[in-house]
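Undergrad:
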Amino acid sequence: MIVMLVKILENRLVFLIFAILFKLILDYSYYTYVVEVFSYDGFELNFDIKRYTFIFLLLGCLTLFIPKLLNKISDYFFNIFLFIVIYPLGTLTSLNYNLSIEPFAVNFLSYLFMLLLINLNFSNRMVKFPYIKNGRKIYIFISVIMILYLIVWYFITGAVSNFNLDLSKVYDFRDINSELTNIGVTAYLNSWVYQVFSIALMAYFLLRKKYLSFCLLVGIQVFFFGIAAHKSILFSPLMVLGIYFYLSKTKALSTVPMMLFLLIGFGLILYHFDNHSLLASVLIRRIFFVPASLNFSYFDFFSINSFNYWSDSILSVFQERKYFNSVPQEIGYFLGNNARANNGLVSSGYAQAGYLGVFIYSFILVFVLKILDQLPEKNVPLWFYLVLVITPIRNILLSSDLFIVFLTHGFIVAIIMLILFREKAGKIYG
375 MIVMLVKILE NRLVFLIFAI LFKLILDYSY YTYVVEVFSY DGFELNFDIK
425 RYTFIFLLLG CLTLFIPKLL NKISDYFFNI FLFIVIYPLG TLTSLNYNLS
475 IEPFAVNFLS YLFMLLLINL NFSNRMVKFP YIKNGRKIYI FISVIMILYL
525 IVWYFITGAV SNFNLDLSKV YDFRDINSEL TNIGVTAYLN SWVYQVFSIA
575 LMAYFLLRKK YLSFCLLVGI QVFFFGIAAH KSILFSPLMV LGIYFYLSKT
625 KALSTVPMML FLLIGFGLIL YHFDNHSLLA SVLIRRIFFV PASLNFSYFD
675 FFSINSFNYW SDSILSVFQE RKYFNSVPQE IGYFLGNNAR ANNGLVSSGY
725 AQAGYLGVFI YSFILVFVLK ILDQLPEKNV PLWFYLVLVI TPIRNILLSS
775 DLFIVFLTHG FIVAIIMLIL FREKAGKIYG
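The opening position of the sequence shown corresponds to residue 375 in my numbering, with each subsequent residue numbered one higher.
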């Protein structure tokens, strides 16, 4: 029965059916829920059949060419980019004729460029990584030491006195504890611990089937959430477990649009029974349409203001800051809510240098994906590599500038950890 189900999920037609179902329910949720409840926030319905048909066909053609099986890390990236970024942008653009088609077009072309570039045949190995002597022991040692460091640091700073597990109060404690714990370089170290090192150790324990040790780490991760107050910390163990169990059975990526379809369906059911459901808002509006809407805000702002040209980061030595605040803060002020309006790859690239910035970010990311694709070894399952980079990939696509993810969110650190884990003739894991 399981074998038959796996074969069904790995079928290209099944993948396309779930993709179409997801697109349809995404559109349905927009005009029956998002427009109805959040029209005050700029979500409007201005339907034009020609634009809708054109974008629907474009997305359909693009979906035909993306990977249906997870054979390498980039296969996951292109699925998430398409379904979490491009599809919602397509919905907003096709159901609100008053919106410019430019953000959708730039994202679409960036996706095409990256898809073509990733499939170009270079030499077998773009970069030849050495096998580090005792690399796996170093991998474990660093992870353990860094986790112990953060536990002790939270006690030393007194942040532990603000421990909170109430999801509705996370914003009450986040800034307070951040001021106590994120001092200088520790701001980077702390983030790396719960985004990279704890995940790295969880993956290792699952690989070795040390489930009791894994459960202990889950408890530690909950402790980190209680202090740092970022919801992603709390849910990361579930993500690791889900990837572990699923990819141990199949490589089918049809479950990506399928799960997204079910997610929106569940949100619509919640809305049916409770018109003010907070969870429905998170599952539909917050996950899909807020990031998509911010793309338009970024393009609108930087179409009438100077690009940032990395003046507050990597090129700050060569020029004065273009803006007093960070780009996300400037967008927040532009929208009138004074919030940090973070967004992902294309809009962040556009904010830095327009179309050139998008091209640079797309090219750099393809290079990194090429490296990630060649890291996995036959003796270690692909899920192990994916769990270490899945959060940085999500952040790149939805919530942060590329260079910020590389450093602050630990993408480079995660890649280094994966390089350390490589062994020339290690034990074969299932």
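Every residue, glycine too, gets a C-beta built ideally from N, C-alpha and C.
What does the Cβ neighbour count give for Gly341, buried or exposed, with the cut at 16 atoms within 10 Å?
TA: Here the chain comprises residues numbered 375 to 804, so residue 341 is not present and cannot be evaluated.
Undergrad: Using a Cβ-Cβ cut-off of 8 Å (strictly less than) and excluding sequence neighbours within five positions of Ile770, which residues of its own chain qualify?
TA: Counting from one through the sequence shown, the residue named residue 770 turns up at place 396. Only Gly718, Leu719, Leu739, Leu776, Val779, Phe785 meet the Cβ criterion.
Undergrad: What are the residues that DSSP puts in a beta bridge with Ala626?
TA: Locating residue 626 in the sequence shown gives position 252, counting from the first residue. For Ala626, which the question treats as bridged, DSSP gives the partners Leu443.
Undergrad: Under 8 Å by Cβ, that's how I've got Ser685 and Glu694 pegged, so tell me the actual separation to the nearest angstrom.
TA: Residue 685 sits at position 311 when you count from the first residue of the sequence shown. Residue 694 sits at position 320 when you count from the first residue of the sequence shown. Going by Cβ atoms, the distance from Ser685 to Glu694 rounds to 7 Å, so yes, they are a contact pair.
Undergrad: Quick check: the Cα distance between Leu615 and Tyr450, rounded to an integer number of angstroms?
TA: Translated into the one-based positions of the sequence shown, residue 615 becomes position 241. Translated into the one-based positions of the sequence shown, residue 450 becomes position 76. If you take the alpha carbons of Leu615 and Tyr450, they lie about 17 Å apart.
Undergrad: In this structure, what does DSSP give as the bridge partners for Asn420?
TA: Along the sequence shown, one-based indexing puts residue 420 at 46. Per DSSP, Asn470.
Undergrad: Starting from the Cα of Ser773, find the closest Cα among Val567, Ile492, Leu419, Arg660 and give me that residue.
TA: The residue given as residue 773 occupies position 399 in the sequence shown. Measuring from the Cα of Ser773, the nearest candidate turns out to be Arg660.
Undergrad: Quick check on the burial criterion: 16 or more other C-beta atoms within 10 angstroms. Buried or exposed for Tyr528?
TA: Residue mapping note: residue 528 aligns to position 154 of the sequence shown, counting from 1. Buried, since its Cβ has 16 or more Cβ neighbours within 10 Å.
Undergrad: If you scan the stretch 661 to 709 from start to end, which runs of the alpha helix (DSSP H) of 4 or more residues do you find wholly inside it?
TA: Whole alpha helix (DSSP H) segments, 4+ residues: 664 to 678, 701 to 709.
Undergrad: In or out: Val559 buried (at least 16 other Cβ within 10 Å) or exposed?
TA: Translated into positions along the sequence shown, residue 559 becomes position 185. So Val559 counts as exposed.
Undergrad: One question on the structure: do Glu751 and Arg510 come within less than 8 Å of each other, judged by their Cβ atoms?
TA: Locating residue 751 in the sequence shown gives position 377, counting from the first residue. Locating residue 510 in the sequence shown gives position 136, counting from the first residue. No. Outside cutoff.
Undergrad: Answer with buried or exposed for Arg386, where buried requires no fewer than 16 other C-beta atoms within 10 angstroms of its C-beta.
TA: To locate residue 386, count along the sequence shown from 1; it is residue 12. Classification of Arg386: exposed, given that the 10 Å Cβ count is below 16.
Undergrad: On the CB-based measure, 16 or more other CB atoms within 10 Å of its CB, does Pro611 come out buried or exposed?
TA: The residue you call residue 611 lines up with position 237 of the sequence shown. With 16 or more other Cβ atoms within 10 Å, it is buried.
Undergrad: May I ask you to report which of helix, strand or coil DSSP gives Phe503?
TA: Indexing the sequence shown from 1 puts residue 503 at position 129. Three-state DSSP puts Phe503 in coil, outside helix and strand.
Undergrad: What I want to know is whether the C-beta of Asn536 ends up closer than 7 Å to one or more non-hydrogen atoms of the ligand FMN.
TA: The ligand FMN is absent from the structure shown, which contains no ligands of any kind.
Undergrad: If you measure between the beta carbons of Phe452 and Thr467, is that distance less than 8 Å?
TA: The residue given as residue 452 occupies position 78 in the sequence shown. The residue given as residue 467 occupies position 93 in the sequence shown. No, the pair does not count as a contact, with Cβ atoms beyond the cut-off.
Undergrad: So Lys744 is in the alpha helix (DSSP H); what residue range does that whole segment cover?
TA: For the purposes of this step, residue 744 is taken as the residue at position 370 of the sequence shown. Looking at the DSSP string, the run of the alpha helix (DSSP H) that includes Lys744 is 719 to 748.
Undergrad: Look up Arg659 in the DSSP assignment and say whether it is helix, strand or coil.
TA: As a position in the sequence shown, residue 659 is number 285, starting the count at 1. Three-state result, Arg659: helix.
Undergrad: Residues in its own chain within less than 7 Å of Val388 by CB, not counting five upstream and five downstream?
TA: What you label residue 388 is simply residue 14 of the sequence shown in a count that begins at 1. Only Ile382, Ser628 meet the Cβ criterion.
Undergrad: If we count the other Cβ atoms within 10 Å of its Cβ and call it buried at 16 or more, is Lys424 buried or exposed?
TA: Along the sequence shown, read from residue 1 onward, the residue named residue 424 stands at position 50. Exposed.
Undergrad: What do you get for Phe768, buried or exposed, if any count of 16 or more other CB atoms within 10 angstroms of its CB means buried?
TA: Mapped onto the sequence shown, residue 768 falls at position 394. As written in the sequence, residue 768 is Arg, which differs from the Phe given in the question. The residue is buried, with at least 16 neighbouring Cβ atoms inside 10 Å.
Undergrad: Counting along the chain, where does the alpha helix (DSSP H) carrying Ile399 start and finish?
TA: Translated into positions along the sequence shown, residue 399 becomes position 25. That run of the alpha helix (DSSP H) goes 386 to 403.
Undergrad: Just how far apart, CA to CA, sit Ile617 and Ala626?
TA: Against the sequence shown, residue 617 aligns to sequence position 243. Against the sequence shown, residue 626 aligns to sequence position 252. If I take the Cα positions, the gap works out to 12 Å.
Undergrad: Between Asn470 and Leu419, which are expected to be in contact by the criterion C-beta below 8 Å, what is the C-beta distance as a whole number of angstroms?
TA: In the sequence shown, residue 470 corresponds to position 96, counting from 1. In the sequence shown, residue 419 corresponds to position 45, counting from 1. Yes, they are in contact, since the Cβ atoms of Asn470 and Leu419 sit about 7 Å apart, within 8 Å.
Undergrad: Report, in whole angstroms, the separation of the C-beta atoms of Phe396 and Phe457, which I expect to be a contact under 8 Å.
TA: Position 22 of the sequence shown, counted from the start, is the residue given in the question as residue 396. Position 83 of the sequence shown, counted from the start, is the residue given in the question as residue 457. Confirmed, Cβ separation roughly 7 Å.
Undergrad: Taking Gln569 as part of the alpha helix (DSSP H), name the residues at either end of that continuous run.
TA: Taking the first residue of the sequence shown as position 1, residue 569 is located at position 195. It is not in any alpha helix (DSSP H) - Gln569 carries neither H nor E in the DSSP assignment.
Undergrad: Within 10 angstroms of its Cβ, does Ala713 collect 16 or more other Cβ (buried), or is it exposed?
TA: Counting from 1 along the sequence shown, the entry for residue 713 is found at position 339. Answer is exposed; the Cβ neighbour count stays below 16.
Undergrad: Measuring only between beta-carbons, confirm whether Thr555 sits less than 8 Å from chain D.
TA: No chain D appears in the structure shown, which is made up of a single protein chain.
Undergrad: Based on Cα-Cα distance, which residue from Val380, Ile376, Val377, Leu400 lies nearest to Tyr636?
TA: On the sequence shown, residue 636 is found 262 positions in, with the first residue counted as 1. A quick correction: the sequence has Leu, not Tyr, at residue 636. For the residues Val380, Ile376, Val377, Leu400, the minimum Cα distance to Leu636 belongs to Leu400.
Undergrad: In or out: Phe619 buried (at least 16 other Cβ within 10 Å) or exposed?
TA: Here residue 619 refers to the residue found at position 245 when the sequence shown is read from its first residue. When all chains shown are included, Phe619 counts as exposed.
Undergrad: Which residue's Cα is closest to the Cα of Leu634: Phe392, Lys584, Met378, Ala715?
TA: Along the sequence shown, read from residue 1 onward, the residue named residue 634 stands at position 260. Nearest of Phe392, Lys584, Met378, Ala715 to Leu634, Cα basis: Phe392.
Undergrad: Any chance the stretch 573 to 591 sits against the stretch 511 to 524, with 3 or more Cβ pairs inside 8 Å?
TA: Yes, the stretch 573 to 591 touches the stretch 511 to 524.
Undergrad: Exposed or buried, which one is Thr465 when buried takes at least 16 other CB atoms within 10 Å?
TA: In the sequence shown, the residue the question calls residue 465 occupies position 91. The residue in question, Thr465, is buried, as its Cβ has 16 or more Cβ neighbours within 10 Å.
Undergrad: Given that a residue counts as buried once 16 or more other Cβ atoms are within 10 Å of its Cβ, and exposed if not, what is Lys502?
TA: Position 128 of the sequence shown, counted from the start, is the residue given in the question as residue 502. Counting Cβ neighbours within 10 Å, Lys502 comes out exposed, since fewer than 16 surround it.
Undergrad: Report buried or exposed for Met378, applying the criterion of at least 16 other Cβ atoms within 10 angstroms of its Cβ.
TA: Here residue 378 is taken as the residue at index 4 of the sequence shown, counted from 1. It counts as exposed.
Undergrad: Between the stretch 584 to 601 and the stretch 533 to 549, can you find at least three pairs of beta-carbon atoms closer than 8 Å?
TA: With a cut-off of 8 Å, the stretch 584 to 601 and the stretch 533 to 549 count as touching, because enough Cβ pairs lie within range.
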